Each structure stands twice: as C-alpha cells, then as structure tokens.
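Undergrad:
In this note's numbering, the protein residues as written are 0 to 240.
1) Count the other CB atoms, across all protein chains shown, that sit within 10 Å of the CB of residue 118; report buried if there are 16 or more and exposed otherwise.
2) Drop a sphere of 10 angstroms on the beta-carbon of residue 12, count the other beta-carbons inside from all chains shown, and report buried for 16 or more, exposed for fewer.
3) Is residue 25 helix, strand or coil when you go by DSSP?
4) If I measure Cβ to Cβ from residue 76 and keep anything under 8 Å in the same chain, skipping five residues before and after, which residues do I get?
5) I'd like to know whether the C-beta atoms of residue 137 and residue 114 end up nearer to each other than 9 Å.
6) Counting C-beta neighbours from all protein chains within 10 Å, is the total for residue 70 16 or more, i.e. buried, or is it exposed?
7) Kindly indicate which residue of 187, 19, 93, 182 has the alpha-carbon position closest to the one of residue 111.
8) Since residue 153 sits in a beta bridge, which residues does DSSP pair it with?
9) Since residue 109 sits in a beta bridge, which residues does DSSP pair it with?
10) Check whether the region 183 to 201 and the region 166 to 174 are in contact - that is, three or more C-beta pairs closer than 8 Å.
11) Assuming residue 129 contacts residue 178 under a Cβ cut-off of 8 Å, what Cβ separation, rounded to an integer in Å, is found between them?
12) Taking the straight line between their C-alpha atoms, what separation do you get for residue 160 and residue 51?
13) Assign residue 197 to one of three DSSP states: helix, strand, or coil.
14) Kindly give me the distance between the Cβ atoms of residue 148 and residue 33, rounded to whole angstroms, as I take these residues to be in contact under 8 Å.
15) Where does the unbroken alpha helix (DSSP H) through residue 57 begin, and where does it stop?
16) Decide if residue 166 is buried, meaning its Cβ has at least 16 other Cβ atoms within 10 Å, or exposed.
17) What residue from 47, 131, 35, 49 has the CA that sits closest to residue 93's CA?
18) So what's residue 208 in DSSP terms, helix, strand or just coil?
19) With a Cβ-Cβ cutoff of 9 Å, do residue 9 and residue 90 count as a contact?
20) Mind checking residue 105: buried by the 16 CB within 10 Å criterion, or exposed?
21) Where residue 99 and residue 154 are concerned, what is the direct C-alpha to C-alpha distance, given to the nearest angstrom?
22) Straight-line CA distance for residue 67 to residue 47?
23) Counting only the same chain and skipping the five closest in sequence on each side, list residues whose C-beta sits under 8 Å from that of residue 5.
24) When the Cα atoms are used, what is the spatial distance from residue 27 to residue 17?
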C-alpha cells in the first residue's frame, strides 16, 4: 500500500471494525431522517437553496429540518476516529463527494450505488494508500458521511435564514435552536452568524452564554467565534436591532 521501501502508516493499517448495516426499509445507507428531507435540502445544493422564497411555509420547513437533524440520534452515530494525523478524513471527504455526484439525493444513496463507486475506484490506474483504505473499509467512510451531511445541511439552513432582509423576525424560535446547535457543534459557524444577524437581546444573551470559556457550554473554537460576534455587535458592525 505504501511506497516501496517504506513502512505503512498507522492510518493505512487501521482497522475501524465497522460492519455494514442494513436498513429494514431497503438497501439504504443513510438513516430515515436524512432520506426524508424535503427538496432541495435533500441535495444540499446551495444554488437552489439560496433561491428559496422565505415564505412562512418554507421557513417552517427549514425549522423542522434543523430540529430533526438536531434531535434524531440516528444522524449522530459514533464514528471511529482514525489515528493521527487524521489524513484519512480527506480521503473520506473525496469519496463523499463522489457519492454526492453519483447519488445527489439523500434518498438515492444505496449500498449498491456505493459498491459501484468502490468498483470504479478499484479500476483506477493508481490509488493512493489512503484511497485504498477507503475502498477496503467503505463502511466507515459512509458512517462518517452521516454526521457530515447533518452538519452541512444544518449549516445551509442557518445561512439561508441569515440572508433574510429581517432575520430578527425568526428570533422567537431561531435563537434557541441556533444556540442548541452551537452547543452540539452542528452547523455552528452559521448558527453563530445567524445569532449575530438577529442581533436582538435574546440573541445577544445566547451569544454571551456561548462565549463562556473555559468550561462553557460550547467548544473553545465556538466560544471564540461567539465572543467575536458579540464584539462586533458591541461595535455596531453586525446584526440588526
């Protein structure tokens, strides 16, 4: 797997011990919460999402999407983490992108389709060692795709809401939801940006809670980001009254 004369790395020889799971509803890879997403959230295609009208129906739909992704435990599986330095994650992401091109809707991702991609990768003239690891252990790559999609779709919802001419109108429900997502580290960057765009007292209070470190509810990086948005709000450079 490695270049001649070199020892395989810990990542190349890592056995994630993830076995293929079976869905009782069919040959599906992704959990039902992801398969049942309404379009265009089921593709994560930003060019379509950004054009969605922010009607009450569409806003309610977006709220439901984030709520399900936040609360359904099936979209938060325990993914084994590869050994340091973690370069295998880049190979996983490359495979995830290939899955998205081949099966663009979450409901289309099947094991048959995944196996076809594995066959295509094996047919390449050359695979790098970590790409070889992906095709040998495709189950762990697909397991990692579940939280990756969860984060990406949640991020898109918050970005879409923040582009509204008056995001403050979402404050009654979006502040709590965004704060919970930051704590869970799902779409956190865009959730923090939405809180800044809302800019109302309850959003500022949420940012203040999130900015506590060490030992606060959010990760250190998310607390730093919340602190930065609070600073900008104090200087009048973001948010709307």
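Every residue gets a Cβ at the ideal spot worked out from N, C-alpha and C, and that includes glycine.
Computed from a prediction, not measured in an experiment: that's the story for all the values here.
TA: In brief:
1) Counted from its first residue, the chain shown places residue 118 at position 119. With fewer than 16 Cβ atoms within 10 Å of its Cβ, residue 118 is classed as exposed.
2) As a working mapping, residue 12 is identified with position 13 in the chain shown. Label assigned to residue 12: exposed.
3) As a working mapping, residue 25 is identified with position 26 in the chain shown. DSSP, read as helix, strand or coil, puts residue 25 in strand.
4) Position 77 of the chain shown holds residue 76. For residue 76, where only same-chain residues beyond five positions count, the Cβ hits under 8 Å are 142, 145, 146.
5) Taking the chain shown and counting its residues from 1, one reaches residue 137 at position 138. Taking the chain shown and counting its residues from 1, one reaches residue 114 at position 115. Their beta carbons are under 9 Å apart, which means residue 137 touches residue 114 by this criterion.
6) Along the chain shown, read from residue 1 onward, the residue named residue 70 stands at position 71. Exposed is the call here.
7) Taking the first residue of the chain shown as position 1, residue 111 is located at position 112. By alpha-carbon distance to residue 111, the top candidate from 187, 19, 93, 182 is 19.
8) Counting from 1 along the chain shown, the entry for residue 153 is found at position 154. Beta-bridge pairing by DSSP links residue 153 to no other residue.
9) Within the chain shown, residue 109 is the residue found at index 110, counting from 1. DSSP links residue 109 through a beta bridge to 27.
10) As far as the Cβ criterion goes, the region 183 to 201 touches the region 166 to 174, which means the pair count is three or higher.
11) Position 130 of the chain shown holds residue 129. Position 179 of the chain shown holds residue 178. Residue 129 to residue 178, Cβ: 37 Å. No contact.
12) Here residue 160 refers to the residue found at position 161 when the chain shown is read from its first residue. Here residue 51 refers to the residue found at position 52 when the chain shown is read from its first residue. The alpha-carbon separation between residue 160 and residue 51 amounts to approximately 10 Å.
13) To locate residue 197, count along the chain shown from 1; it is residue 198. Judged by DSSP in its simplified three-state form, residue 197 adopts helix.
14) Here residue 148 corresponds to residue number 149 of the chain shown, with the count starting at 1. Here residue 33 corresponds to residue number 34 of the chain shown, with the count starting at 1. So it is a contact: roughly 6 Å between Cβ atoms.
15) Numbered from its first residue, the chain shown carries residue 57 at position 58. Unbroken alpha helix (DSSP H) run through residue 57: 55 to 70.
16) Within the chain shown, numbered from 1, the residue matching residue 166 stands at position 167. Result: buried.
17) Position 94 of the chain shown holds residue 93. The shortest Cα separation from residue 93 among 47, 131, 35, 49 belongs to 131.
18) As a first step, residue 208 is located in the chain shown; it is residue number 209 there, counting from the start. In this structure, residue 208 counts as helix in the three-state DSSP scheme.
19) Counted from its first residue, the chain shown places residue 9 at position 10. Counted from its first residue, the chain shown places residue 90 at position 91. No, the Cβ-Cβ distance between residue 9 and residue 90 is not below 9 Å.
20) Residue 105 sits at position 106 when you count from the first residue of the chain shown. Per the 10 Å Cβ criterion, buried.
21) Counting from 1 along the chain shown, the entry for residue 99 is found at position 100. Counting from 1 along the chain shown, the entry for residue 154 is found at position 155. Going by the C-alpha atoms only, they are around 17 Å apart.
22) Position 68 of the chain shown, counted from the first residue, corresponds to residue 67. Position 48 of the chain shown, counted from the first residue, corresponds to residue 47. Taken atom to atom, the span from the alpha-carbon of residue 67 to that of residue 47 is near 21 Å.
23) Counted from its first residue, the chain shown places residue 5 at position 6. There are no such residues.
24) For the purposes of this step, residue 27 is taken as residue 28 along the chain shown, with counting starting at 1. For the purposes of this step, residue 17 is taken as residue 18 along the chain shown, with counting starting at 1. Whole-angstrom Cα-Cα distance: 16 Å.
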